[in-house]
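Some notes on the structure that comes next.
There are 4 protein chains.
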Amino acid sequence: MRVWDKYLTERDKAVHGLSGFSARTGFGKRPAVLIVDVNYAFTGDVDESIEASVKKWRTSCGHIGWAAIPHIQTLLRSARASRIPVFFSTGVDTRPDHFNRGAWSHKTRRSNEDTLVKVEGVRGNDIVREIAPLPHEIVIEKLKPSPFFGTPLPGYLIDLGVDTLLICGTTTSGCVRAAVIDAFSYNYRIALVEECTFDRFESSHALNLFDMNAKYADVIAIDEATDYLAGVGRGLYDAKIAFPAEVPA
Amino acid sequence: MRVWDKYLTERDKAVHGLSGFSARTGFGKRPAVLIVDVNYAFTGDVDESIEASVKKWRTSCGHIGWAAIPHIQTLLRSARASRIPVFFSTGVDTRPDHFNRGAWSHKTRRSNEDTLVKVEGVRGNDIVREIAPLPHEIVIEKLKPSPFFGTPLPGYLIDLGVDTLLICGTTTSGCVRAAVIDAFSYNYRIALVEECTFDRFESSHALNLFDMNAKYADVIAIDEATDYLAGVGRGLYDAKIAFPAEVPA
Amino acid sequence: MRVWDKYLTERDKAVHGLSGFSARTGFGKRPAVLIVDVNYAFTGDVDESIEASVKKWRTSCGHIGWAAIPHIQTLLRSARASRIPVFFSTGVDTRPDHFNRGAWSHKTRRSNEDTLVKVEGVRGNDIVREIAPLPHEIVIEKLKPSPFFGTPLPGYLIDLGVDTLLICGTTTSGCVRAAVIDAFSYNYRIALVEECTFDRFESSHALNLFDMNAKYADVIAIDEATDYLAGVGRGLYDAKIAFPAEVPA
Amino acid sequence: MRVWDKYLTERDKAVHGLSGFSARTGFGKRPAVLIVDVNYAFTGDVDESIEASVKKWRTSCGHIGWAAIPHIQTLLRSARASRIPVFFSTGVDTRPDHFNRGAWSHKTRRSNEDTLVKVEGVRGNDIVREIAPLPHEIVIEKLKPSPFFGTPLPGYLIDLGVDTLLICGTTTSGCVRAAVIDAFSYNYRIALVEECTFDRFESSHALNLFDMNAKYADVIAIDEATDYLAGVGRGLYDAKIAFPAEVPA
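See below:
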């Protein structure tokens with residue numbers, strides 16, 4: 292029983308069965324982790340209901356975002372223990388004249404809020420403190436949904452010889468979806484870690500997981516991800532990245 | 292009442308109301324039309340039920356694809372009457388060793404069929420005859436979901452000075468979705484023509500339209516598209532493309 | 292008489308005459324200015340001989356860079372008076388482990404210097420003070436030669452509807468050359484402003500100007516650039532960028 | 292003594308010595324070969340003087356192109372013996388209205404010739420017969436200088452896990468240069484095989500080799516290339532590409 296099953300029509304289930312989609316990709320030998328946009332603009336500044344949070348932060352997912360944080364911490368611990376590169380993506384602050392927003396201005400009624408401080412001391416584009424990047428990890432600042440679009444990410448992955456991406460974060464139907472399409476288009480193997488991935492819309496979350504699992508990525512449980520990371524050789528990337536001798540607990 | 296309403300949960304509707312998404316982009320001044328992957332691999336060789344068609348053509352949408360064809364013809368007539376550039380995307384034939392498929396091999400159980408002739412005289416990647424490109428129109432051959440990825444499309448649009456894309460085709464949750472994300476990322480105004488767009492899954496079709504309408508594109512009716520095209524100046528692109536003097540009926 | 296003439300062989304001159312290269316592109320209607328990498332790493336911290344400067348700053352062009360600054364100031368004054376967007380590119384600081392340098396580490400014997408402070412208070416990647424960007428202008432931070440590669444620049448230019456780029460900066464044979472190839476590949480009209488462009492190698496400077504003038508760009512004098520900018524309509528981009536009411540002198 | 296030495300000024304030699312450029316990149320473990328644009332448009336239809344050839348084929352390099360062919364054959368034999376992937380790039384035929392040429396129309400006085408048949412039975416964009424691609428090899432059709440720009444090449448290289456590119460072909464100052472800049476920007480190790488690389492201009496050829504050797508690539512002799520290819524493990528790519536059991540002599 293998957294989260295998307297209840298949204299599929301009977302015909303969808305029949306067609307899915309016939310079409311041959313949703314085969315298992317499987318893992319490669321050289322993974323990296325990509326955590327998409329888990330910043331305060333998408334979680335809100337505190338763990339509260341999405342209805343309350345979205346009034347302050349127009350893109351917030353509220354409580355459901357905070358519920359993913361402990362799982363992302365688990366994923367991070369596992370990646371760090373195996374000295375696997377971790378990429379975090381986040382947004383770029385909006386200019387006062389909104390020029391750098393481009394097409395993002397087209398579809399929102401609340402873009403005028405994007406340069407406001409909603410809560411003193413909280414910057415929307417800061418990665419949530421509980422999963423803050425370590426100095427050797429890589430933050431990809433981006434203007435568009437995909438962390439691959441107009442950023443150094445493709446070149447970094449080539450330089451590292453990565454063949455597999457463990458992707459998670461938010462929103463499932465937005466930047467995660469865009470990341471997965473681009474990663475797929477560059478021919479990476481992709482696993483999407485379900486407990487670490489969230490969206491403001493329940494239906495979009497479920498159906499986007501279905502779409503991605505059908506065509507582009509394996510939607511897996513956190514345990515599968517950590518088992519895999521524990522099993523890849525430690526030190527795969529030591530020639531390229533100065534991992535700290537001691538991993539913070 | 293939109294096609295996606297019945298798939299949204301009550302919480303989704305409440306959050307959508309609060310979030311400020313789904314504003315109207317509106318049209319620019321220099322449009323082009325992009326028809327995504329309306330070829331026999333996605334419609335099947337004849338108009339029949341999807342359940343029957345998908346057995347021959349693993350990516351087929353069956354009848355629902357054929358139902359879109361008259362609407363795409365209407366859109367084409369309108370674009371051609373106004374001498375607006377039309378781009379068609381389609382796939383590249385699979386090599387015998389499947390090398391050029393890349394990650395597409397990861398998620399299907401039926402990739403061994405991709406080099407077979409299913410119906411004598413019908414090539415999966417041929418655009419459906421009823422909407423065949425005219426010689427001055429542009430076919431974008433692509434290997435990945437997005438017609439922008441690894442193709443000349445971005446440069447063509449810049450050369451033409453296009454600011455607005457009318458997008459349609461198939462599948463809503465696959466190549467159309469990918470096209471829309473990339474067009475949005477390049478900062479184009481996007482309208483998605485609903486009657487001309489289809490998917491093999493009813494639920495994915497509806498929710499992907501919802502996602503795109505919320506964040507990236509206006510999901511519009513064919514009449515809005517043809518009204519718009521009738522209103523833009525004729526001859527916008529005559530310096531770049533040799534449109535035929537006489538448009539075929 | 293052009294700067295490259297003395298480097299061409301007699302056969303080169305004959306072949307050039309026959310080949311039909313070096314036609315004039317001419318200007319379009321919507322320009323932007325792109326100033327490539329005129330930062331302290333490429334000029335050195337003070338105006339001194341290249342032989343002295345390059346000992347401190349391994350990429351420095353020394354005096355010849357400082358000689359270009361007044362011309363770049365002229366270009367900036369002209370662009371600002373006509374409210375034309377100005378893009379500046381510069382580098383990203385090297386990480387302690389050099390990970391973000393990628394292939395740049397392959398060809399230098401001095402990469403160990405890239406994280407050193409050479410002169411207190413001078414950061415190599417800062418744009419030279421005399422031509423510092425104004426707040427409404429756009430700085431493109433890049434890791435690779437071309438300011439188009441892995442950056443938001445393509446999307447910005449599309450959003451603005453730019454059709455012509457006035458390019459200058461440094462080095463002629465490095466990042467300027469890469470910028471010109473990419474701008475050409477995206478189908479922009481390109482003029483390269485000769486007095487504002489410099490290189491550490493006299494021969495490479497001259498021959499790269501020859502190559503670019505032959506195939507990709509018009510190599511023009513600063514007066515042609517300012518005449519053109521004075522003649523385009525003021526206010527072309529006012530809807531997108533908040534130009535200051537008063538231009539600093 | 293290198294081919295570029297005679298073009299460098301005394302100051303250039305001194306600055307080059309101080310700057311630390313031109314270190315050796317060295318080879319990686321997973322090579323591919325990229326042969327740029329060795330087609331009839333760049334060699335002419337027969338081996339004759341460049342002055343004669345360029346009158347028929349405006350981009351021809353004439354005799355110097357034909358002189359490189361035996362060396363490219365040597366490189367091909369070596370790559371094929373080790374089952375290393377070979378990519379060939381070439382151009383796309385020009386449309387009657389020249390739309391797909393884009394900015395190429397800007398700088399030539401002879402673009403009206405691009406749709407003419409110059410010699411019956413010879414298509415300018417066909418790879419020269421003596422080095423014709425085998426069925427398992429990959430032809431990259433491109434519209435712009437770089438074989439990476441708007442093509443599937445980046446995704447193919449990622450799928451294969453390539454880390455090193457042996458590049459050659461023509462023109463040194465045009466498409467080879469553009470290929471090298473992009474390969475460098477994606478962080479590949481690059482060796483440029485000197486005897487297999489040519490240009491219509493003697494000076495541009497020499498100085499572009501200098502530039503690339505200084506900053507982006509090792510300019511090596513054909514013997515170094517074949518020694519390297521003989522030493523890499525055979526069968527590195529057998530899981531992805533169906534190499535023929537028997538290599539043609």
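Protein chains in written order, with my numbering: chain F, 292 to 540; chain R, 292 to 540; chain B, 292 to 540; chain X, 292 to 540. The beta-carbon is built from N, C-alpha and C at its ideal position, and this holds for glycine as well.
#1: Look at phenylalanine 378 of chain R and leucine 325 of chain R and say whether their C-beta atoms are less than 8 Å apart.
#2: How big is the Cα-Cα spacing for threonine 517 of chain R and phenylalanine 318 of chain R?
#3: Rounded to the nearest angstrom, what separates alanine 482 of chain R and histidine 397 of chain F at their Cα positions?
#4: In the structure shown, what three-state DSSP assignment does aspartate 405 of chain X receive?
#5: Let's see if you can read the secondary structure: which residues bound the beta strand (DSSP E) around lysine 433 of chain F?
#6: Roughly how many angstroms lie between the CA atoms of glutamate 342 of chain F and valine 306 of chain R, to the nearest whole one?
#7: Assign phenylalanine 390 of chain R to one of three DSSP states: helix, strand, or coil.
#8: Using 8 Å as the limit for Cβ to Cβ distance, is isoleucine 449 of chain R near chain B?
#9: Round the Cβ separation of valine 327 of chain F and isoleucine 458 of chain F to the nearest angstrom and send it over; I've been treating them as touching at under 8 Å.
#10: Please classify glycine 441 of chain B as buried or exposed, where buried requires at least 16 neighbouring CB atoms within 10 angstroms.
#11: Starting from the Cα of isoleucine 513 of chain X, find the closest Cα among X/Lys435, X/Val294, X/His389, X/His362 and give me that residue.
#12: Would threonine 399 of chain B count as contacting chain X if we go by Cβ distances under 8 Å?
#13: Enumerated in chain order, which unbroken segments of the beta strand (DSSP E) with a length of 3 residues or greater are wholly contained in the segment 441–522 of chain F?
#14: From the beta carbon of phenylalanine 489 of chain R, is the nearest beta carbon of chain X less than 8 Å away?
#15: Which whole runs of the alpha helix (DSSP H) in the segment 305–349 of chain R are 4 residues long or more, in chain order?
#16: Cutting at 6 Å between CB atoms, please list the residues of its own chain near alanine 508 of chain X, excluding the five before and the five after it.
#17: Going by DSSP in three states, glycine 356 of chain X sits in which element: helix, strand or coil?
#18: For the segment 419–434 of chain B, enumerate the residues whose C-beta is nearer than 8 Å to any C-beta of chain F, in chain order.
#19: Between which two residues does the beta strand (DSSP E) harbouring glycine 526 of chain F extend?
#20: By the criterion of Cβ-Cβ separation under 7 Å, what are the contact partners of leucine 500 of chain F in chain R?
#21: Please classify threonine 381 of chain B: does DSSP put it in a helix, a strand, or coil?
#22: Using a Cβ-Cβ distance cut-off of 8 Å, determine whether glycine 465 of chain R contacts chain F.
#23: 8 Å is my cut-off, CB to CB: does valine 306 of chain X come that close to chain B?
#24: Are at least three pairs of beta-carbons, each pair with one atom in the segment 527–537 of chain R and one in the segment 487–495 of chain B, less than 8 Å apart?
#25: Can you pull the chain R residues whose beta carbon is under 9 Å from the beta carbon of threonine 334 of chain F, in chain order?
#26: Could you check whether the Cβ of alanine 300 of chain X sits closer than 8 Å to any Cβ belonging to chain B?
#27: Under 8 Å between C-beta atoms, does valine 345 of chain X make it to chain B?
#28: Relative to the C-alpha of isoleucine 429 of chain F, which residue among F/Trp295, F/Thr455, F/Ala323, F/Val408 is closest?
#29: Considering only residues of the same chain and omitting the five flanking positions on each side of lysine 506 of chain R, which have a CB-CB separation below 7 Å?
#30: Determine the chain X residues that contact lysine 506 of chain B at a beta-carbon separation under 7 Å, and present them in chain order.
#31: Give every residue of the same chain whose Cβ lies closer than 6 Å to the Cβ of asparagine 499 of chain B, excluding the five residues on either side of it in the sequence, and list them in chain order.
#32: Strictly below 8 Å CB to CB, what residues from chain X border tyrosine 479 of chain B?
#33: Say yes only if the C-beta of threonine 455 of chain B is nearer than 7 Å to one or more non-hydrogen atoms of the ligand HEM, and no if none qualify.
#34: At the level of alpha carbons, what is the spacing between glycine 308 of chain X and aspartate 338 of chain B?
#35: Aspartate 405 of chain R to phenylalanine 439 of chain F, Cα distance in whole Å?
#36: Can you have a look at glutamate 421 of chain X and say buried or exposed, based on whether 16 or more other CB atoms are within 10 angstroms of its CB?
On the basis of the data shown:
#1: yes
#2: 12 Å
#3: 11 Å
#4: Correct three-state label for aspartate 405 of chain X: coil.
#5: 429–433
#6: 6 Å
#7: helix
#8: yes
#9: 7 Å
#10: buried
#11: X/His362
#12: yes
#13: 455–461, 480–489, 509–511
#14: no
#15: 331–334, 341–347
#16: Val471, Ile481, Leu483
#17: helix
#18: His427, Ile429, Leu434
#19: Unbroken run through glycine 526 of chain F: none, as it is neither H nor E.
#20: Within chain R, no residue comes near leucine 500 of chain F; the closest Cβ sits about 11 Å away, beyond 7 Å.
#21: Looking at threonine 381 of chain B - three-state DSSP - the assignment turns out to be strand.
#22: It does: the Cβ of glycine 465 of chain R has a partner Cβ on chain F nearer than 8 Å.
#23: yes
#24: No, they do not touch.
#25: The premise fails here: threonine 334 of chain F is roughly 14 Å from chain R at the closest Cβ pair, so nothing lies under 9 Å.
#26: Looking at the sequence shown, residue 300 of chain X is not alanine but threonine. True, the Cβ-Cβ gap to chain B drops below 8 Å.
#27: Yes, valine 345 of chain X lies at the interface with chain B (some Cβ there is under 8 Å from its Cβ).
#28: F/Ala323
#29: The beta carbon of lysine 506 of chain R is closer than 7 Å to those of Phe312 in its chain, skipping five residues each way along the sequence.
#30: Lys398, Gly465
#31: Thr463, Ser464, Arg468
#32: Ala394
#33: For the ligand HEM, the structure offers nothing, since it holds no ligand at all.
#34: 21 Å
#35: 29 Å
#36: exposed
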